[in-house]
Structure formats: C-alpha cells, structure tokens
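A.B. asks:
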Amino acid sequence: MPSRKKSAMFASAFLTCVGSFVIICVALATQHWITSNVHFSGTSSNATVTVTYGLFSGTCRQYVDAGLMFPEENFQVAAKLGNTKAKGTITAIIIILVLGLLTSLLSSGFTCTNAISNPYQTFLGPIGVYTWNSLCGIFILIAMILFPVNIEENGLSTELARGCYSLPTHVKSEHSYGYSYWIMLLIIFLNIASIIIIYFYDHARYSKKKEQERPIENAPKDVILF
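According to the working numbering, the sequence shown is numbered sequentially starting from 554.
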C-alpha cells in the first residue's frame with residue numbers, strides 16, 4: 554500500500570485531471586465558442602448577421618438597416634460550411650480535443666492507480682503522469698490556436714452567415730470569443746497543476762532516497778569504528 558503522503562498527493566492530482574476531463578467535455582458540448590457580427594452591404598440596404606456557435610452547432614439572426622429583424626435560427630456547423638478548408642480545420646480541432654480527452658482520461662487513471670497502489674512499471678508512476686498531462690496541454694493549446702486561425706484566415710463566421718442567409722458583399726466582421734473557448738485555458742492550468750503536484754512528491758521521494766544511500770565515508774567516525 555502507498556504511504557499517506559503519496560496517496561494524498563496523487564489523489565490531489567487525480568482531482569485536477571478529472572477537472573480537466575470534465576472541462577474538455579463542456580467545451581465540446583457547448584456552442585458559446587464565439588459570437589460574430591458579420592456585416593454585409595447591398596444595393597438597397599445593409600445587413601448584419603449575428604452568429605453564435607461552437608464546433609457542432611450554433612444560432613444565427615439577421616438584422617437589416619430598415620429595422621427588420623429575422624427570427625433566430627439554429628444550425629449545424631458542418632451542414633452550413635461550403636469551404637473545405639474551414640470544414641477541415643473544424644474537424645481537426647474536434648479530433649485534437651478528443652485526443653486531449655483521451656490523454657486526460659489516461660492521466661486520471663494513472664493518478665488514481667498511484668493513489669491506491671504502488672505500480673511496478675516505471676511508466677505507470679510519475680513519468681506517465683508527466684507524459685499524459687503534457688500531451689493534453691499541448692493538444693488544448695493547438696486547438697486554441699487553430700480556432701481563431703480558422704476564423705480569421707478561412708472566414709468561418711462569414712461562411713456560416715452566408716450559409717444561413719443569401720447575402721450580398723461582405724464588409725467586415727467583429728468577433729467576441731465566449732466561455733466555451735476561454736475555459737480551455739483552465740484545462741492547461743489544471744494540467745500544469747497536476748505536473749507540479751507530482752513533481753513535488755517525486756522530488757521529495759528522490760531526496761529521501763539519496764539521504765538513505767549516503768556513502769559510508771560521510772558517516773561519523775565513531776559509527777565507522779563501531
């Protein structure tokens with residue numbers, strides 16, 4: 554059985570890993586990644602479409618200069634995208650987040666195993682926790698970079714607005730990132746917290762082991778004579 558200190562440290566890391574897993578699920582499931590106001594110009598009037606969406610679904614509503622407001626519509630992101638590049642990037646982000654979900658789950662399993670037992674394999678210990686948490690953080694960071702790149706470079710919001718309504722010339726777009734996007738920063742912080750907790754445990758264990766393995770020449774002379 555592991556010591557109380559080890560159980561407490563790995564149990565704390567387990568909670569941060571579970572928190573990371575839950576937040577990734579929330580990010581995937583919610584549609585408040587971004588709200589964009591997409592402005593279009595026509596010969597007779599101008600229009601603005603407000604789109605709020607996530608990786609799978611969203612809502613859109615059109616406003617016309619004359620004061621006319623269309624009813625809010627729900628849509629599926631994949632169904633509204635004609636731009637292959639934008640669709641491919643969204644698919645890549647989903648796959649990356651699923652990989653982050655799997656690495657977070659593995660990290661939770663490793664920390665739970667160490668909290669209740671002493672695994673023989675080295676990789677099942679701190680090294681495994683470092684590996685899976687690092688990979689999870691990297692996946693989340695890549696997803697956070699790819700999403701705004703898809704907005705700016707591939708005109709994702711404009712594509713979705715045009716998919717909802719037949720609109721004239723695009724003028725400009727204004728973007729505001731929502732909580733579904735920003736909570737991914739919390740995932741990275743939780744991964745870092747898990748690594749720090751296990752590092753402190755591993756460092757303390759290493760220091761104690763070195764103390765116990767001191768060379769005999771460092772021992773007091775009277776002990777050597779005895």
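Here a beta-carbon is modelled for each residue, glycine too, at the ideal position from N, C-alpha and C.
Treat the numbers as computed from the prediction; the structure is a model and nothing was measured.
Go ahead and pull the three-state DSSP assignment for TYR718.
C.D. replies: TYR718: coil per DSSP, three-state reduction.
A.B. asks: Do three or more CB pairs link the segment 716 to 724 to the segment 637 to 652 at distances below 8 angstroms?
C.D. replies: Too few Cβ pairs lie closer than 8 angstroms, so no.
A.B. asks: To the nearest angstrom, how far is it from the Cα of GLY678 to the Cα of LEU739?
C.D. replies: In a straight line, the C-alpha of GLY678 is about 24 angstroms away from that of LEU739.
A.B. asks: Spatial neighbours of ALA714 within its chain, please: C-beta separation below 6 angstroms, excluding the five flanking residues on both sides.
C.D. replies: The residues are VAL591, VAL602, VAL604.
A.B. asks: Contact defined as beta carbons within less than 8 angstroms: I believe GLN615 pairs with PHE623. What is the distance between those atoms, to the nearest angstrom?
C.D. replies: So it is a contact: roughly 4 angstroms between Cβ atoms.
A.B. asks: Using the Cα positions of ASN636 and GLY708, report the straight-line distance between them to the nearest angstrom.
C.D. replies: In a straight line, the C-alpha of ASN636 is about 9 angstroms away from that of GLY708.
A.B. asks: Three or more C-beta pairs closer than 8 angstroms, one from the segment 681 to 689 and one from the segment 657 to 664: is that the case here?
C.D. replies: Yes, the segment 681 to 689 touches the segment 657 to 664.
A.B. asks: Provide the residue span of the alpha helix (DSSP H) that contains GLY678, from first to last.
C.D. replies: Unbroken run through GLY678: none, as it is neither H nor E.
A.B. asks: Per DSSP, CYS613 is paired with what?
C.D. replies: DSSP lists VAL604, GLU626 as partners of CYS613.
A.B. asks: Among the residues of its own chain, which have a CB less than 7 angstroms from the CB of ILE741, if the five just before and after it don't count?
C.D. replies: Within the same chain, ILE741 has close Cβ partners GLY690, ILE693, LEU694.
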